[in-house]
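Comments concern the structure below.
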Ligand SMILES: [Zn+2]
Ligand SMILES: [Zn+2]
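Numbering (the numbering used here), first residue to last: 759 to 828.
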């Protein structure tokens with residue numbers, strides 16, 4: 759059986775790392791049981807979300823942006 763490995767991040771999300779192929783012709787693909795490799799830090803999604811949130815705060819959070827010019 760092939761084996762799929764997943765990353766598990768500190769944020770709790772998992773993402774697929776890859777599949778180790780066993781090379782057997784009769785193999786039906788990776789098992790439903792995945793190997794877990796722990797990763798410290800947030801996943802890509804959470805990282806980009808945190809970054810875009812910061813950018814939004816910088817762009818739209820200021821009081822000046824809320825006042826129209828007239
Ligand atoms: Zn296999
Ligand atoms: Zn995450």
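Even for Gly, the Cβ is constructed at its ideal location relative to N, Cα and C.
I need the boundaries of the beta strand (DSSP E) containing residue i, first residue and last residue.
i           : result
residue 793 : 793–796
residue 784 : First-last for residue 784: undefined, no H or E at that position.
residue 764 : 761–766
May I ask whether a heavy atom of ligand 2 can be found less than 7 Å away from the beta carbon of residue i?
i           : result
residue 803 : yes
residue 769 : yes
Compare the C-alpha of residue i against each of the options and name the closest.
i           : options               : result
residue 799 : 761, 770, 764 and 816 : 770
residue 804 : 772, 764 and 762      : 772
residue 781 : 761, 768 and 792      : 761
residue 791 : 784, 774, 811 and 817 : 774
Kindly identify the DSSP beta-bridge partner or partners of residue i.
i           : result
residue 777 : 762
residue 772 : 766
Taking 7 Å as the line, does the beta carbon of residue i fall inside it for any heavy atom of ligand 1?
i           : result
residue 791 : no
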